[in-house]
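For reference, the structure is listed below as structure tokens.
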Amino acid sequence: EGLRHLRTVRLATSPGWDSSGKVTVVDSLQPLANLPGLKHLELFGIQPASRSLQELESAPELVSLRASKYPAEEPRRFYMATGVTDAIAPSPGVADWS
2 EGLRHLRTVR LATSPGWDSS GKVTVVDSLQ PLANLPGLKH LELFGIQPAS RSLQELESAP
62 ELVSLRASKY PAEEPRRFYM ATGVTDAIAP SPGVADWS
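Numbering (the numbering used here), first residue to last: 2 to 99.
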């Protein structure tokens with residue numbers, strides 16, 4: 002039940018992987034898309050085998066997405082298809098920590 006209230010999710014590989022181009026491959030992004038309150042998502046070095054963001058197109062409240070290690074055209078395609086921006090997720094306020 003608690004995951005229903007997640008608004009911001011940041012997933013990233015180890016910073017040491019950045020220059021090597023390594024990624025963590027996940028089975029699906031659909032569980033993230035199914036989070037009803039998700040507004041901001043950052044995926045740095047995290048991707049499905051398809052290297053597509055298409056599963057996130059069904060995220061009902063998504064406002065911003067930042068993603069790295071995807072083919073350059075994929076984030077652009079996603080932003081055009083959804084109207085989601087590449088804005089940086091806001092820092093949580095103290096009230097958000099309760």
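Ideal Cβ positions, reconstructed from N, Cα and C, are used throughout, including at glycine.
The structure displayed is predicted, hence computed values, not measured ones.
Check                                                                                                                                  : Outcome
Under 8 Å by Cβ, that's how I've got glycine 84 and serine 69 pegged, so tell me the actual separation to the nearest angstrom.        : About 21 Å separates the two Cβ atoms, so there is no contact after all.
In whole angstroms, give me the CA-to-CA distance for methionine 81 and proline 61.                                                    : 16 Å
How about leucine 39 and leucine 33: are their beta carbons less than 8 Å apart?                                                       : yes
Rounded to whole angstroms, what is the Cα-Cα separation between leucine 42 and serine 21?                                             : 23 Å
Assign leucine 4 to one of two classes, buried (16 or more other C-beta atoms within 10 Å of its C-beta) or exposed (fewer than that). : exposed
Taking DSSP as the reference, what is the three-state secondary structure of threonine 14?                                             : coil
Provide the residue span of the alpha helix (DSSP H) that contains alanine 34, from first to last.                                     : 31-34
On a CA-only basis, which of Leu63, Trp18 and Pro49 is nearest alanine 88? Give me that one, please.                                   : Leu63
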